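Going down the list, the sequences are from chains A and B.
The opening residue of the first sequence carries number 0 in numbering that gives the first Met the number 0; numbering runs sequentially from there.
The opening residue of the second sequence carries number 0 in numbering that gives the first Met the number 0; numbering runs sequentially from there.
Ideal placement from N, C-alpha and C gives every residue a C-beta, glycine not left out.
None of these values were measured; they are calculated from a predicted model.
Below is one structure, written out as structure tokens; the observations come after it.
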Amino acid sequence: MTRDLVERARRGDHDAFAELAGAAISRLDATAWLMLRDADRATDAVQNALVRAWRDLPTLRDPDRFDAWLRRLVVNACIDEIRRTRRSRLELDVNDISEIPFVADASSAIADRDQLERAFVRLDPDERAVIVLHHYLDLPLPEVAATLRIPLGTTKSRLYRGLRQMRAALDADARPGADIPEGRPA
Amino acid sequence: MNRTDRFDDLISDWLHADAEHRVPEHLDAVLRRTRTERQHPAWSSLQRWLPMDTVTRFQGRMAAPRPLIVFAVLVAVLLATMGVALFVGALRTPAPAFGLADNGRILVADGSALRSYAADGTDPIVVADLANNASDLVMSPDGRRLAMIVHTAPPTAQILTLDGGKVVTLPLPDGTVDIGSPASWSPDATQVTFAATDGTRDHIVVADADGARTRAITIQGLAKTRYLWSPVWSPDGDSIAFISSPPAAANQTGTIHVVKPDGTGLQTLADLDASAPAGISWAPDPAVRRLLLTRPGNVVSLYDVAAQKETVIDGGFWPTWSPDGTRISYWTDGTVVVSTADVLAQRMTKVRPYASFTESCQTYPELATKAFCGPASWSPDGTRVIAHDIAGGSVVSFLADGTGSPIVIGLATNVTDSGTAAVWQPIRK
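Here you go:
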């Protein structure tokens, strides 16, 4: 079915493309949001990726790879956006976590989310991409590697390094005395 | 469930929870944009030919080029273009020297000295000592070097660089006992060819002008016992013409051949006997493959190699081309000059730069400094002809149209043979 839609869209059928975009936009938007942590830039990245997808769809060599191709367009747009933002020394606009609904309980959940948020935005864009693709889109690591066009070993090491940094950030926050006032011996 | 699994789950849960609130409302905006966008043809995008990741990343970074990067890229492209141009220029073979040039200095082999004179015969300079006498001077097409045969035992072929006076003796094939012709330059002035013999068979020799390498070319399809005469390099550099004769030929007449410089592609100009010692010469224009030759019985002839057509010019010998190939000089009761076009149209008008005479040179001692006794060399600008005079005691320069008075350059030593003792240096711009 998807292949048929892709073939039609490649031939210029805009309704077919609208169907494909409608089916994919939620996950693409969430992926961009998770990577960029900025709603406006995430929207821009997704829109630009979809426009580029429409324009370049006739050049796609294998229609069966449409999903991975579209994901890659969005992820690469996000990676470039993060790098551009860092180069221009702009601060990431981290949303106020109070706006974000969450399910259950607890003060511990708020603390975890806050810590995870802070740890995540410190990661390299490549590490963010691997974590989002693997832990949000639930792609197996070989598929992550194929999406990002990097070797499987590199994918594993980026995932390991990214998660280690996040764990270290959480551990540091949880360490007794971490909030010792400045000037006192530990 | 171990600690790692729990942490992975924590991350997954956080990401999914974090993404849940996203309700994209911009699909319509995207579709409005795409509805007005035209799709690229399948062949038009790099994505069709290059890895997708490379293309999308490249496009993303080019979206907002920084001025410094743009400037650096432009400078790099400019430098690369200049580098490629220099590289290609260095590889390109210089165009063969052809046509008229300014008159440089006149070089004369005068006994044991190679002398140089200004074009008007003044300002004599000794360029090099010629302890063993040299003859058959041949100027390179670029006017920078002089080839000559020096009469040692065995003779040697030498190349003199005019700027600095450096002399290189060309190595000869093993067993060479004699050199049988003047050297002929390749049009790019990097090589010369001449005939040589080891006493039992003759060879066509090709030598680098810097002396780095000499080889006797093996001519495929030609009997090894034939005598070989007067190889001359074609102006386009693609072939060498020469004469071969059977060893028993009493009158020294032979057949003209054309062969590639590597010895392949032998072409025999059938039924065209030539006086072997008189030699042959190519028209200077690379676009026309014509040869001047002397037929047995002293008949000067023009042969079109491509059309395989012969045009007889006149009874005579010592034919030479003007630098641009538009005129021909030869000797018949003295030197005459004719137009090549007139020859081909068979409506020839002879111009005599000086008074004619019959019989041998030695019987006219009163014409010393007034007439030639040898093949005429042309000035690079095509206005004059020079050669040693009838008594051999000077070099005489005449206007080729027969007007004006000759310029006489006195020699310390009489020139007694008919080889080229004086040549004119072209100055090419």
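Straight-line gap, B/LEU330 to B/THR293 (C-alpha atoms, nearest Å)
According to the sequence provided, residue 330 of chain B is Trp. The question's Leu does not apply to it. B/TRP330 and B/THR293 have their C-alpha atoms roughly 11 Å apart.
Close Cβ partners of B/THR263 (< 8 Å) along its chain, the five nearest in sequence each way excluded:
GLN219
Identify the continuous beta strand (DSSP E) that holds B/ALA41 and give its terminal residues.
No beta strand (DSSP E) contains B/ALA41, which DSSP labels as neither H nor E.
Find the residues of chain B that neighbour A/PRO62, judging by a C-beta separation of less than 9 Å, and give them in chain order.
What A/PRO62 touches in chain B: nothing, since even the nearest Cβ is about 12 Å away.
Thinking A/VAL120 and A/THR154 are a contact (beta carbons under 8 Å), I'd like their distance in whole angstroms, please.
That belief does not hold up - the Cβ atoms of A/VAL120 and A/THR154 are roughly 21 Å apart, past 8 Å.
Check distances from the C-beta atoms of the region 19 to 35 of chain A to those of chain B and list, in chain order, the residues that come in under 7 Å.
ALA20, GLY21, ILE24, SER25, ASP28, ALA29, TRP32, LEU33
Quick check on this structure: which residue in B/ASP303, B/TYR116, B/SER11 has the alpha carbon closest to the alpha carbon of B/VAL407?
B/TYR116
Could you compute how far the alpha carbon of B/ARG31 sits from the alpha carbon of A/PHE16?
12 Å
So that I know if they touch, is there some Cβ in chain B lying closer than 7 Å to that of A/ALA17?
yes
Quick check on B/LEU265 - is its C-beta less than 7 Å from some C-beta in chain A?
Chain A, which has no Cβ nearer than 7 Å to the Cβ of B/LEU265, makes this no.
Option nearest A/LEU122 by Cα separation, candidates A/ILE81, A/ALA144, A/VAL74
A/ILE81
Tell me the residue span of the beta strand (DSSP E) that contains B/GLY409.
406 to 409
Taking the alpha helix (DSSP H) that A/MET34 belongs to, which residues open and close that run?
13 to 35
For B/GLY314, which of helix, strand or coil comes out of DSSP?
strand
Taking A/LEU33 as the reference, give the member of A/ALA168, A/VAL74, A/ASP66, A/ARG157 with the closest Cα.
That would be A/VAL74, whose Cα lies nearest to the Cα of A/LEU33.
Check each residue of the region 149 to 165 of chain A: if its Cβ is closer than 8 Å to any Cβ of chain B, include it; give the result in chain order.
If the cut-off is 8 Å between Cβ atoms, the region 149 to 165 of chain A has LEU162, MET165 near chain B.
Put A/LYS155 into one of helix, strand or coil per three-state DSSP.
helix
Which word fits A/SER106, buried or exposed, when buried means at least 16 other C-beta atoms lie within 10 angstroms of its C-beta?
Confidence in A/SER106 is poor, its pLDDT being 47 and thus under 50, which makes the residue's placement unreliable; the coordinate value appears in the next sentence. So A/SER106 ends up on the exposed side.
List, in chain order, every chain B residue whose beta-carbon is nearer than 7 Å to that of A/PRO57.
GLN38, HIS39, PRO40, ALA41
For A/ASP104, count neighbouring Cβ atoms within 10 angstroms of its own Cβ and tell me buried if that reaches 16, exposed if not.
Caution applies to A/ASP104, whose pLDDT of 44 falls short of 50 and renders its modelled position unreliable; the value that the coordinates give is listed next. Label assigned to A/ASP104: exposed.
Taking CB distances under 7 Å as the criterion, tell me whether A/THR42 reaches chain B.
Yes, contact with chain B.
Could you tell me whether any Cβ in chain B is nearer than 7 Å to the Cβ of A/LEU49?
True, the Cβ-Cβ gap to chain B drops below 7 Å.
Where does A/ARG141 sit, in a helix, a strand or coil, going by DSSP?
The sequence given here has Pro at residue 141 of chain A, not Arg. Note: A/PRO141 maps to helix in three-state DSSP.
Check A/ARG60 in the structure and name its three-state DSSP category.
coil
Own chain residues within Cβ distance below 6 Å of A/ARG70, not counting five before or after
Scanning its chain for C-beta atoms nearer than 6 Å, with the 5 sequence neighbours on each side dropped, one finds around A/ARG70 the residues THR146, in chain order.
Give me the DSSP bridge partner(s) of B/PRO425.
B/ASN102
Can you tell me whether DSSP reads B/ASP177 as helix, strand or coil?
strand
Let me know the secondary structure DSSP gives B/LEU271 once reduced to three states.
strand
Contact criterion: CB-CB distance below 7 Å. Does B/MET61 meet it with respect to chain A?
The pLDDT assigned to B/MET61 is 48, lower than 50, so where the model puts this residue is not dependable; a value taken from the coordinates is nonetheless given after this. Judged by the 7 Å Cβ criterion, B/MET61 is not in contact with chain A.
B/HIS256 bridges to which residues according to DSSP?
B/PHE241, B/THR267
Quick one: is A/ARG127 near chain B, going by C-beta distance under 7 Å?
With 7 Å as the cut-off, A/ARG127 does not count as an interface residue toward chain B.
Hey, is A/GLU90's beta-carbon within less than 7 Å of any beta-carbon in chain B?
For A/GLU90, the predicted structure reports a pLDDT of 42, less than 50, and the residue's modelled location is therefore unreliable. A value from the coordinates is still provided. No, no contact with chain B.
Looking only at its own chain, which residues have a Cβ that is under 8 Å from the Cβ of A/ALA67, when we skip the five neighbours before and after it?
Short of 8 Å from the beta carbon of A/ALA67, and not among the five residues preceding or following it, lie these beta carbons of its own chain, in chain order: GLU142, ALA145, THR146.
Kindly list the residues whose CB is nearer than 6 Å to the CB of B/SER355, restricted to its own chain and excluding five residues on each side of it in sequence; keep chain order.
ASP332, GLY333
Name, in chain order, the residues that DSSP records as bridge partners for B/ILE216.
B/ILE203
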